[in-house]
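Numbering (the UniProt record's numbering), first residue to last: 1 to 266.
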């Protein structure tokens, strides 16, 4: 067998493997899309396009409330985790010195704690020590503890080779620290900031264990989906899940497009 034929076979095998992997990953999402558009959600094949589930979703106050609560929780958690992760990364890489590795391990430690243990321990801490009942604020703080480590690692990967002398040179030339950050550091690090925001948003939006122990009866999307398993999943839940998937894919696609446009401008 000639080398060209063997290379062609290897490429086709690799392409087939990639297609199988993506089909395995995305078929559940496609199935939810078909289920939300079909009058037979349990087995929506062949697809029958019907928007009745989306119409019923517009009148379902429970799912709407759960979606708004999840959106508020995810948005606040994403912003808080990204800000703390950004500041922690600057502190470790810029001022950590010989203890930078120790601080990095300390900040990444929540990754090794399961979400259910983090939820239980946060509930016990806030209730027993601070005498605080579970509410949206405590849920945001607890989710930020979990998402902070992911944001820190994303930021650290981006800022590891950052040249801090550029900020010092800008300040020496008369720029304020704020202007130095906005005009020098932010344009270089914004992909990591956006990646951290999206990662923390998705993690807290889909998280059940932490929010379950801190929100109680306050409905969120994961808790409503978990409760629906006992009584049967309604088509409205498929419709809402499809809308959420479209929003997440839109955010990721927007990030990729903006990165591509930034590279072309550079």
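Backbone N, C-alpha and C define an ideal beta-carbon position, used for all residues, glycine too.
Neighbourhood of residue i by C-beta, 6 Å cutoff - its chain only, sequence neighbours within 5 removed
i           : result
residue 33  : 242
residue 92  : 100, 103, 104
residue 150 : 199
residue 56  : 236
Inter-residue CB distance, residue i and residue j (contact presumed, cutoff 8 Å)
i           : j           : result
residue 223 : residue 208 : 6 Å
residue 184 : residue 166 : 5 Å
residue 85  : residue 22  : No, residue 85 and residue 22 are not in contact; Cβ-Cβ is about 30 Å, not under 8 Å.
residue 210 : residue 119 : 4 Å
residue 67  : residue 240 : 6 Å
residue 259 : residue 191 : 6 Å
Endpoints, the alpha helix (DSSP H) within which residue i is located
i           : result
residue 67  : 61-95
residue 54  : 52-57
residue 107 : 100-108
residue 48  : Here residue 48 belongs to no alpha helix (DSSP H), and DSSP marks it neither H nor E.
residue 118 : 115-124
Cut-off 7 Å between Cβ atoms - residues of its own chain near residue i, not counting five sequence neighbours on either side
i           : result
residue 38  : 44, 47, 48, 50
residue 77  : 140, 143, 144, 147, 200, 204
residue 71  : none
residue 164 : 94
residue 96  : 103
Residues of its chain near residue i, where Cβ-Cβ distance is below 8 Å and the 5 sequence neighbours each way are ignored
i           : result
residue 132 : 126, 138
residue 40  : 48
Chain B within 7 Å of residue i, Cβ atoms only
i           : result
residue 111 : The structure shown has no chain B; it contains just one protein chain.
#### Entry: Uninterrupted alpha helix (DSSP H) stretches inside the stretch 182-260 (no shorter than 4 residues)
186-206, 209-215, 221-231
### Task
Taking only runs that begin and end inside the stretch 140-186, name each unbroken alpha helix (DSSP H) of 4 or more residues, in chain order.
Given a length threshold of 4 residues, each whole run of the alpha helix (DSSP H) inside the stretch 140-186 is given here in chain order: 165-172, 177-180.
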